[in-house]
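**Q** The numbering of the sequence shown is the numbering used here, which starts it at 22 and goes up by one.
Heads up, the beta-carbon is just placed ideally off N, CA and C, and yes, glycines get one too.
If you scroll down you'll find the structure; I have some questions about it.
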Amino acid sequence: MKNYLKLSAIVFSLLLFTSACEKFKRIPKTGEPFYRAQSMKYYFSNELGDDLLIPEDSIIKPIAFEDKGDSLFFQSRSRIDYDNQLGNYYWKTGIFGRQGYINYQFYIKISETDVDTLTVKFRYTTEGLVGGGTYANIDKLYYNETLIRSGENTSSEFIPERIFIMKDNERTLVSVEK
Numbered sequence: 022m023k024n025y026l027k028l029s030a031i032v033f034s035l036l037l038f039t040s041a042c043e044k045f046k047r048i049p050k051t052g053e054p055f056y057r058a059q060s061m062k063y064y065f066s067n068e069l070g071d072d073l074l075i076p077e078d079s080i081i082k083p084i085a086f087e088d089k090g091d092s093l094f095f096q097s098r099s100r101i102d103y104d105n106q107l108g109n110y111y112w113k114t115g116i117f118g119r120q121g122y123i124n125y126q127f128y129i130k131i132s133e134t135d136v137d138t139l140t141v142k143f144r145y146t147t148e149g150l151v152g153g154g155t156y157a158n159i160d161k162l163y164y165n166e167t168l169i170r171s172g173e174n175t176s177s178e179f180i181p182e183r184i185f186i187m188k189d190n191e192r193t194l195v196s197v198e199k
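Here is the structure:
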């Protein structure tokens with residue numbers, strides 16, 4: 022009888038372990054592209070604090086793109102809007118990824134000689150989704166290696182609304198405070 026209970030406990034433990042690991046197996050690594058909307062606004066200025074996104078001046082027009090080795094794929098889900106509260110223009114873009122890949126990087130073309138990088142670390146889940154499927158949470162987001170968003174503590178996720186990018190000749194300084 023003791024052997025039967027031990028065997029039952031082992032089988033039950035294995036079933037629990039297998040079902041716990043099953044949710045990680047359900048996230049396919051297909052590489053299919055996806056787009057995540059996000060609320061962050063990127064403000065570009067020079068070292069004097071002058072707005073670089075004024076449409077009439079065309080100083081810079083950021084463009085998000087992927088480098089596919091032999092070709093570039095430009096993303097079309099970006100826009101420039103005006104912030105009445107700050108009195109500056111801002112650039113807004115979605116976050117792009119590939120299904121199943123945790124780390125993903127895409128680029129921001131600022132000018133012919135200036136290209137910045139957005140690097141994202143995703144956390145996938147299949148739980149709590151109506152109709153099934155997979156959801157990609159943005160766990161960490163970096164602009165030129167500067168952490169600008171962190172979702173380690175999901176109850177109080179750090180999501181700044183404004184990101185300030187100061188361009189000074191060859192340097193790019195990134196901050197969540199003006």
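Can you list, in chain order, the residues of its chain with a C-beta nearer than 6 Å to that of Lys161? Leave out the 5 residues immediately preceding and following it.
**A** Once the five neighbours on either side are set aside, the close Cβ partners of Lys161 are Lys142, Ser171.
**Q** At what residue ranges does the segment 95 to 161 contain a whole run of the beta strand (DSSP E), taking only runs of 3 or more?
**A** Listed in chain order, the complete beta strand (DSSP E) runs (minimum 3 residues) inside the segment 95 to 161 are 99 to 104, 109 to 114, 116 to 119, 124 to 130, 136 to 146.
**Q** Please state whether DSSP places Asp72 in a helix, a strand or coil.
**A** Looking at Asp72 - three-state DSSP - the assignment turns out to be strand.
**Q** Taking all protein chains shown into account, do 16 or more other C-beta atoms lie within 10 angstroms of the C-beta of Thr114, making it buried, or fewer, making it exposed?
**A** Buried, since its Cβ has 16 or more Cβ neighbours within 10 Å.
**Q** Note down the Cα distance separating Lys122 from Tyr145, rounded to an integer number of angstroms.
**A** Residue 122 is actually Tyr in this sequence, not Lys. Answer to the nearest angstrom: the Cα atoms are 9 Å apart.
**Q** Could you round the C-beta distance between Phe86 and Tyr128 to whole angstroms and report it? I think they count as a contact, below 8 Å.
**A** At roughly 5 Å, the Cβ-Cβ gap stays under 8 Å, so Phe86 and Tyr128 are in contact.
**Q** Here's a check: name, in chain order, each residue in its chain whose Cβ is nearer than 6 Å to the Cβ of Thr155, leaving out the five neighbours to either side.
**A** Once the five neighbours on either side are set aside, the close Cβ partners of Thr155 are Ile48, Tyr145, Thr147.
**Q** Anyone know if the C-beta pair for Ile184 and Thr193 falls short of 8 Å?
**A** Not closer than 8 Å, so no.
**Q** Between the alpha carbons of Gly70 and Ile159, how many angstroms are there, rounded?
**A** So the two alpha carbons sit approximately 30 Å from each other.
**Q** Taking the CB atoms as reference points, tell me whether Asn73 and Ile81 lie closer together than 8 Å.
**A** Rather than Asn, the amino acid found at residue 73 in this sequence is Leu. The answer is yes: Cβ separation under 8 Å.
**Q** Nearest to Thr134 by CA position, among Asn190, Asn67, Phe55, is which residue?
**A** Measuring from the Cα of Thr134, the nearest candidate turns out to be Asn190.
**Q** My assumption, with CB atoms under 8 Å, is that Pro54 sits in contact with Arg119. Please give the rounded CB distance.
**A** Indeed they touch by this definition, with Cβ atoms about 6 Å apart.
**Q** Who does Val195 pair with in a DSSP beta bridge?
**A** DSSP output for Val195 lists Ile186 as bridge partner(s).
**Q** Would you kindly check if the distance between the Cβ of Arg57 and the Cβ of Ile131 is under 8 Å?
**A** No. Outside cutoff.
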